[in-house]
Structures are given as structure tokens and as C-alpha cells.
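Asker: One structure coming up, written as C-alpha cells, with questions to follow.
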Amino acid sequence: MTKPDDILEVIETARETGKIRKGVNEATKAVERGVAKLVVVAEDVDPKEIVMHLPALCDEKKIPLHKVPSKNDLGRAAGLDVSTAAIAVVDAGEAKKKLSELS
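For any residue, its number in our numbering is found by taking its place in the sequence shown, counting from 1, and adding 1100.
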């Protein structure tokens, strides 16, 4: 089982040395375009319908999806001052090795 801290570390590294998309809409577009390498969704999103489409979409596009407990932690890892429900890693940068270990 992948630890949330490992996932958040990949996001932070990708943010600094690669490229990420923040928010449900941006993550959805990255998945639909086939450029996302990893999608991370917060478990405490309310209402759940906001992110319900992402697991099926990621499964269809063969993109790994992981969950973290808190949208606040996800927002912080993405470099935001606010929480975010989802992010997509588009370019892992120096986190490529760790990203492959998560998948």
C-alpha cells in the first residue's frame, strides 16, 4: 500500500522540477488529453460527485490514480495556499523514479 506521504513527496518534487496541473478541471483535461502521468484525488472532497468521474476516466486512459486523506495537504504539496480536490502530474521531473515506484 502506498503511503500518502510518498504521494505528496512526488507531487512536491514534480511541482519544483517538472509540471503539475492543479484542480479537478485541469486534472480532467490532462487525463482526457493523455498527458497525465499520475492523478491524485483527496478523499475528503464534499460533495464526492466533484471527483467521481476521475477514477473511471483514469482507468480508461490507463493512468494511475492515488488518493490522499486531505485536500489541504494536497493543496500544500501542489504549492497552493488553499486546498485542492485533485492534481495531475504531467511531467514528473526529478520524481520520475519515485513515480514509477508508485504506479
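Every residue gets a Cβ at the ideal spot worked out from N, C-alpha and C, and that includes glycine. Values in this document were obtained by computation on a predicted structure and should not be read as measured data.
Given a threshold of 16 other Cβ atoms within 10 Å of its Cβ, counted over all protein chains shown, does residue 1182 qualify as buried or as exposed?
Answerer: Exposed is the call here.
Asker: Would a C-beta distance cut-off of 8 Å place residue 1170 and residue 1130 closer than the cut-off?
Answerer: No; because the gap between Cβ atoms is not below 8 Å, this pair is not in contact.
Asker: Can you give, in chain order, each stretch of the beta strand (DSSP E) that sits fully within the region 1113 to 1167 and has at least 3 residues?
Answerer: Those beta strand (DSSP E) runs which fall completely within the region 1113 to 1167 and span 3+ residues are 1119 to 1122 and 1138 to 1142.
Asker: Taking DSSP as the reference, what is the three-state secondary structure of residue 1181?
Answerer: It is coil, neither helix nor strand.
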